[in-house]
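Data first, discussion second: the structure below is written as structure tokens.
In this note's numbering, the protein residues as written are 386 to 624.
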């Protein structure tokens, strides 16, 4: 009940802006890390970062009600993400160059791995929502399908960088082989060998500790902690 009340209110709009803002910010931070290591391509990367920052500023300026703002917020997110993925495509080793995002099926090796990584991450976020007592079907932005776990799609936006960084690192460190992929009608699928390599790398990333509010927590613990925070905030506002 509190999810519905809050998520459809002005507070829901602010949460949506916060989550998408975090997504764009983590994407920018990833590009800054890559820029630091690739001096020869720093100028091109910086131009893309500047464009992403413009959409971040536009996002935070949205002040209409949620129904009127939902498509605008998603458009800003989509445009910022295009600049991000175009930069990754520019930086990825030559044999695996790709052109934008593709999903079912993936058109290239990078998207093939990324889609599978997102699937793993999705299950982790869903579990964290349920443990925190949140209804995964009641979301803010992804509300176009009543049978979809909208909240999971909303919250995962903040953590997509974990999958992105894992997959890009595998390609940049030349740990991806063509043998990991099988051709299907219209694209590629990741086979058992490829899934094992990716699952291991992503698990290591999720279990990696980092500084968080003065504590050392793993990425998976941070996801759980932040889902509890969302639930606790709903309860405290009710009280």
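We treat Cβ as the ideally placed atom computed from N, Cα and C, and that holds for glycine.
May I ask which residues mark the beginning and end of the beta strand (DSSP E) holding residue 591? Not the beta strand (DSSP E): residue 591 falls in the alpha helix (DSSP H), residues 577-591.
Using 10 angstroms around the beta-carbon of residue 523, count the other beta-carbons present and answer buried if the total reaches 16, otherwise exposed. Within a 10 Å sphere around the beta-carbon of residue 523 sit 16 or more other beta-carbons, which makes this residue buried.
Could you compute how far the alpha carbon of residue 608 sits from the alpha carbon of residue 406? Going from the Cα of residue 608 to the Cα of residue 406 covers about 16 Å.
To the nearest angstrom, how far is the alpha carbon of residue 428 from that of residue 468? 14 Å
CB residue 552 to CB residue 507, shorter than 8 Å? no
I need the DSSP call for residue 522, collapsed to helix, strand or coil. coil
To which residues of the same chain is residue 410 closer than 8 Å at the C-beta, ignoring the five residues directly before and after it? 441
Would you kindly check if the distance between the Cβ of residue 415 and the Cβ of residue 550 is under 8 Å? yes
Does the contact criterion of 3 or more C-beta pairs under 8 Å hold for the stretch 419-427 versus the stretch 455-466? Short answer: they don't touch.
From what residue to what residue does the beta strand (DSSP E) around residue 449 run? Per DSSP, residue 449 belongs to no beta strand (DSSP E) and is neither H nor E.
From the DSSP output, read off the bridge partner residues of residue 572. 569
May I ask which residues mark the beginning and end of the alpha helix (DSSP H) holding residue 500? 494-516
Which runs of the alpha helix (DSSP H) at least 4 residues long sit entirely within the stretch 410-448? Give them in chain order. 427-446
I'd like to know whether the C-beta atoms of residue 438 and residue 461 end up nearer to each other than 8 Å. no
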